[in-house]
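Protein chains in written order, with this note's numbering: chain A, 72 to 750; chain B, 359 to 991.
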């Protein structure tokens with residue numbers, strides 16, 4: 072028996088019992104009065120619409136011209152409460168096509184039901200509301216729009232998609248942007264195929280069944296006997312033969328799944344939606360040998376190594392020799408060679424913004440066109456490194472927007488990206504030359520998605536962590552003196568890692584330092600800023616430093632003998648970043664962060680400190696995040712040191728309230744003020 | 359929405375002989391043209407050759423050099439087409455900084471997509487485009503294409519400076535017509551064309567050279583109203599079996615009237631329904647409201663526009679049967695419903711959008727992208743937006759307010775102006791109470807009325823799901839730490855609509871308590887958020903699009919044993935752009951804060967910009983002032 076996996080690593084899913092396991096009694100074309108009279112959804116009282124039921128079924132059929140095909144049928148019924156839900160009556164179905172083969176939609180039927188007085192009015196979807204449109208090279212869109220939709224209407228539709236693409240068995244999302252009361256998917260797989268169901272999500276299945284069944288194909292057989300001529304005339308015969316097969320019947324269903332709504336700090340919403348995908352594992356047709364499809368990561372490694380657009384391309388690199396010789400001429404160490412080659416590719420080859428696993432051009436072509444997709448660039452980088460006798464291999468991965476990579480389900484399509492790993496002495500370095508402002512030891516944020524896999528023939532551990540050890544640090548040092556209702560002095564900042572990368576990128580986006588300074592002045596419109604300087608803007612592996620002179624007149628409030636001053640002049644949070652009270656899925660920070668703010672404040676002549684904020688330190692369990700605040704008086708100076716460090720990058724739903732409270736306390740602490748008093 | 363204006367926008371263009379080898383090294387661009395420029399049009403030749411009343415050929419040859427990343431948006435080849443505007447040829451080459459050919463674009467590299475991004479609508483406009491991935495700057499893209507027009511409802515305008523940061527070295531436009539063929543044009547910052555008769559055809563030629571780039575500024579009028587342009591329009595035309603004359607708004611309207619004629623027949627059952635709905639009502643406005651809400655409850659917006667369907671509505675009976683249609687179909691349907699109640703109304707064309715008026719009043723031509731319905735009453739006119747199921751009766755919003763619109767009457771078209779919203783119409787009136795406890799936590803309850811155009815910013819929240827509503831409220835409130843306890847919205851759908859919002863928030867440590875002192879900002883809900891940037895030079899006029907008034911009263915109840923140490927002075931600010939007033943008073947354990955902020959709308963001279971910055975800076979400072987309290991021990 073096949074094992075059904077749940078993806079999430081976690082505590083959040085189990086197979087809860089006690090749910091209804093019978094499908095709701097919903098027949099196409101028949102609506103109940105109860106459904107029409109429903110005024111709101113009990114799961115979400117302000118939902119504009121709710122999926123009453125969504126049934127999907129994939130079966131296999133046989134046809135003489137196309138052979139075995141998959142037939143997917145969907146029947147969906149939606150209750151519409153408010154005009155904002157009318158969009159659910161506009162349906163778009165994407166149909167895959169490749170060369171001459173295409174998925175075909177048929178049997179598109181739909182009804183809208185309205186209750187008018189006590190009468191059920193049923194309006195049928197006709198051809199005037201149906202359209203087929205070319206979308207892109209690989210997809211068509213079939214659109215239809217249901218007629219006569221009003222507040223309180225129930226709509227339903229059904230369609231069938233016939234497909235030759237046996238690798239793309241339709242997946243099924245149990246969750247939607249509106250609540251779903253019942254969602255059910257049935258798949259009947261003949262013995263010739265093994266598909267592996269892959270689940271993800273943060274809710275339980277109400278039904279999870281797998282049972283043996285059987286089916287039959289009707290096959291038309293044409294035979295010809297005789298070789299022509301008088302004695303042996305040709306005889307053609309056509310007969311129908313029944314092929315019986317054993318099958319596996321899956322049935323999965325969910326009940327009362329809330330709407331999926333996006334929150335901050337996520338990878339991609341695709342990682343959180345409750346769904347099942349079907350991965351083709353193997354086939355065994357009568358009279359044919361057993362065929363296995365991408366069942367292990369090792370096999371995927373081999374496939375990639377052989378591919379003309381991946382491993383093989385690295386062998387065809389004779390023409391880049393001269394380039395490498397020039398680049399490493401005079402380089403003393405391997406580390407220097409790596410640095411030079413990385414820098415060359417990073418600066419000379421422009422990334423065309425497309426994230427790919429496969430190259431579209433050879434390293435030589437990439438050198439010539441000076442632009443390429445991520446695979447073109449990073450495979451070129453590997454080729455150049457190898458040519459310089461550095462051991463370098465590709466690392467395949469899934470970017471954050473492509474979703475979490477699930478090690479337990481080997482599948483080529485989980486990868487969408489490739490970077491390089493270079494070995495220099497004892498050190499392993501991960502390199503991605505597409506990131507314009509990344510130093511060699513940093514990967515762009517899109518790559519920070521758990522782990523990747525080294526694609527090489529060498530034995531050994533193939534999985535490598537993509538998590539940066541040093542995330543990002545930002546230190547601000549303000550040295551200010553208070554005179555004549557003005558705070559004046561110097562601000563110096565130092566940034567490393569992703570924080571430095573972000574500022575470098577902001578400066579590029581602002582067309583250089585002058586443009587960035589204009590933005591800074593706009594943000595701090597009540598400040599005067601002079602002598603602004605940036606150091607190490609282009610030296611990517613050095614900390615990025617700013618220094619500038621400031622004059623602030625609005626930072627304090629004078630009242631008689633007193634001066635009130637909030638010392639958090641920079642870097643305070645305006646608001647808690649986690650505004651929602653609850654969250655169903657994890658918070659995913661891309662990298663750990665460290666923020667330090669230091670203030671050295673000289674007091675004006677004749678003033679003493681009347682009150683200082685209290686010293687405080689608070690932390691999340693296991694020091695996953697720590698905040699500390701100290702304020703001291705040293706002679707005529709006040710010294711403030713404030714630190715925030717988030718070390719852990721993933722916080723699960725049950726940790727969320729703590730994380731939110733942690734930030735609540737920080738935001739409150741930042742409001743505190745220093746009070747000075749004239750002697 | 360009406361269609362095809364997109365196309366006009368994309369039509370920018372010459373007969374390509376063969377794309378010549380480039381004579382366009384980037385180094386040849388005059389230095390003064392590079393100032394403020396992200397891209398430079400090196401050469402652009404467009405010809406619109408009208409062969410007859412319903413056939414023309416449009417060609418363009420364009421060479422543009424991209425100087426930096428921001429200039430990339432000016433380079434792509436983008437050609438809009440549909441069955442009435444067919445592409446005859448396309449070519450595109452790319453050159454490096456020295457002007458050496460580096461790429462000849464193949465036909466299969468040119469993408470072909472639907473011009474409509476949304477899945478929910480169906481139209482027949484498509485786009486072919488090609489975007490070059492440049493490894494470095496500068497680089498130069500040269501393209502040319504030819505379009506065949508079948509039917510001429512509009513002529514492509516000439517708009518060579520169609521974006522910020524784009525300089526033009528040399529551009530020409532040639533309009534070619536048969537002899538004595540009537541055409542009309544209107545000029546903006548350009549002189550009259552040179553005219554010539556060549557090979558029996560009439561030529562009109564415009565040229566622009568050494569035009570420097572426009573720099574983007576905050577609060578500036580639309581770029582399109584500033585740059586050199588030629589607006590062109592047919593006098594007599596023929597399109598998809600319909601002919602007409604656009605030389606006056608009256609005649610333009612006659613043609614629209616002709617397209618709509620006979621399309622307002624309702625089925626008998628709906629006519630009966632209408633009569634039933636208004637039975638017993640005597641006030642006309644009330645009848646219109648009832649019928650408008652009936653139409654809203656019965657229909658929704660779905661755009662299906664093919665060919666003449668871009669200008670001609672579905673007939674009313676079809677809308678009645680399907681329950682959907684586009685702006686034309688729904689406005690026409692509403693007109694038919696009113697007619698069944700013997701109420702006369704006017705199908706009306708408008709250029710909709712939040713940017714305001716774009717219609718050239720003295721240049722009758724196809725300048726519209728939307729339809730609404732005007733219902734004349736004895737005093738004024740009620741305007742009905744028919745594509746929304748939620749829009750309040752008679753509310754124009756910023757989509758169609760304060761602009762020229764074309765009403766279609768029996769005698770033809772007439773240009774009229776829709777009303778503007780004043781500081782009285784657009785109000786935010788807020789009453790807040792905060793009860794502070796011993797630790798500085800607060801219990802806040804607030805009630806806010808948002809009227810006029812401010813209504814729209816709030817009403818959308820009522821259409822969201824519960825979780826999204828909470829997110830929206832959480833985003834809208836800018837208090838550092840709070841927990842949303844309850845929220846409630848009420849909508850009063852009038853011509854000046856009112857949205858009432860009630861919130862209860864638990865404020866965490868709103869007053870910052872350090873030692874014996876308490877600090878808090880009494881303006882808890884209504885601080886100004888963005889302030890115009892202080893710039894050294896200002897080139898363009900200052901446009902303030904919206905007028906509004908914000909009024910606040912906030913009462914804080916203090917815990918016992920806490921008394922004020924510092925209360926800010928009240929502030930009063932007057933400016934051309936508006937006014938501001940705040941006041942603090944303390945009485946018997948309470949702090950009462952009042953605030954009034956008024957912003958005017960209008961176009962102000964560029965020289966007044968520093969005053970706008972100063973006004974907002976002062977307001978921002980006043981908004982953030984703090985009260986200091988002391989705890990007696």
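Backbone N, C-alpha and C fix where the C-beta goes; we use that ideal spot for every residue, glycine too.
All figures in this text were calculated on a predicted structure; none of them were measured in a lab.
Any beta-carbon of chain A closer than 8 Å to the one on residue i?
i: residue 464 of chain B; result: no
i: residue 822 of chain B; result: yes
i: residue 990 of chain B; result: no
i: residue 578 of chain B; result: no
i: residue 457 of chain B; result: no
Within the 8 Å Cβ cut-off, does residue i reach chain B?
i: residue 545 of chain A; result: no
i: residue 596 of chain A; result: yes
i: residue 246 of chain A; result: no
i: residue 749 of chain A; result: no
i: residue 505 of chain A; result: no
i: residue 755 of chain A; result: It is not possible to answer for residue 755 of chain A, since the shown part of chain A is limited to 72 through 750.
i: residue 221 of chain A; result: yes
i: residue 657 of chain A; result: no
According to DSSP, simplified to helix, strand and coil, what is residue i?
i: residue 153 of chain A; result: coil
i: residue 452 of chain A; result: helix
i: residue 432 of chain B; result: helix
i: residue 112 of chain A; result: strand
i: residue 138 of chain A; result: strand
i: residue 553 of chain B; result: strand
i: residue 573 of chain B; result: coil
i: residue 588 of chain A; result: helix
i: residue 594 of chain A; result: helix
i: residue 492 of chain A; result: strand
Who pairs with residue i in a beta bridge, going by DSSP?
i: residue 564 of chain B; result: B:531
i: residue 771 of chain B; result: B:766
i: residue 631 of chain B; result: DSSP output for residue 631 of chain B lists no bridge partner at all.
i: residue 553 of chain A; result: A:558
i: residue 808 of chain B; result: B:786, B:857
i: residue 128 of chain A; result: A:144, A:257
i: residue 226 of chain A; result: A:149, A:183
Applying the 10 Å Cβ sphere with the 16-neighbour rule, what's the burial state of residue i?
i: residue 951 of chain B; result: buried
i: residue 473 of chain A; result: buried
i: residue 688 of chain A; result: exposed
i: residue 238 of chain A; result: exposed
i: residue 393 of chain B; result: exposed
i: residue 342 of chain A; result: buried
i: residue 372 of chain A; result: buried
The ligand ZN heavy atoms versus the CB of residue i: any closer than 7 Å?
i: residue 643 of chain A; result: By its list of ligands, the structure shown contains no ligand whatsoever, and the ligand ZN lies outside what it can speak to.
Next on the checklist: What ranges does the beta strand (DSSP E) occupy inside the region 907–991 of chain B, keeping only unbroken runs of at least 3 residues that lie completely in it?
Outcome noted: Taking only runs of at least 3 residues, the beta strand (DSSP E) segments lying wholly in the region 907–991 of chain B are 920–924, 929–933, 936–945, 948–957, 960–962, 985–989.
Item to check | Secondary structure, beta strand (DSSP E): runs of 3+ residues fully inside the region 322–375 of chain A | outcome: Correct list: 346–354.
Item to check | Unbroken stretches of the alpha helix (DSSP H), 4 residues or longer, contained in the region 234–266 of chain A | outcome: Whole alpha helix (DSSP H) segments, 4+ residues: zero.
Next on the checklist: I'd like the ranges of any beta strand (DSSP E) spanning at least 3 consecutive residues and lying wholly in the region 704–739 of chain A.
Outcome noted: The region 704–739 of chain A contains, as complete beta strand (DSSP E) runs of 3+ residues, the segments 708–717 (chain order).
Checklist entry - At which residue ranges does the region 407–449 of chain A contain complete alpha helix (DSSP H) runs of 4 or more residues, listed in the order of the chain? => result For the region 407–449 of chain A, whole alpha helix (DSSP H) runs of length 4 or above, ordered along the chain, are 434–440.
Next on the checklist: Please give me, in chain order, every unbroken run of the alpha helix (DSSP H) with length at least 4 that falls completely inside the region 631–701 of chain A.
Outcome noted: Within the region 631–701 of chain A, no complete alpha helix (DSSP H) segment of 4 residues or longer occurs.
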